[in-house]
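Residue numbers (my numbering): 39 to 112. Note that beta-carbon positions come from the ideal geometry of N, C-alpha and C, so glycine has one too. Nothing here was measured: the structure is a model prediction, and the numbers come from that model. The block underneath contains the structure these notes are about, expressed in structure tokens.
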Amino acid sequence: MSEQINFDQIFEGVIEPGKEPKRLFKEAYEGAITAVSYAEILLNQAIRTYGADHPVGYPDTAYYLPVIRCLSGE
């Protein structure tokens, strides 16, 4: 079995000390917060409109994404 490599080992020496892309990381972090907050707002609106017991479905689609299967627990 081969040795497992972690994230730090893969990217060791890629970023010079003192030159970390902090602004990029900050933007990505803030964007993730915005996206999750918006998803929470939409979820709460859907629950308020349809009720918590309303089934979730994906009608009229010609494909079934693995992500949908993962999130739905099927």
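Asked: Rounded separation between Val-74 and Arg-61 - CA only; Found: 20 Å
Asked: Distance between Lys-64 and Lys-57 (C-alpha atoms, nearest Å); Found: 14 Å
Asked: Val-52 - containing alpha helix (DSSP H), residue span; Found: Premise fails: Val-52 is in no alpha helix (DSSP H) and is neither H nor E.
Asked: Sequence-distant residues of its chain with Cβ nearer than 6 Å to Glu-2 (five each side left out); Found: Residue coverage of the chain in this structure runs from 39 to 112, which leaves residue 2 outside it and unanswerable.
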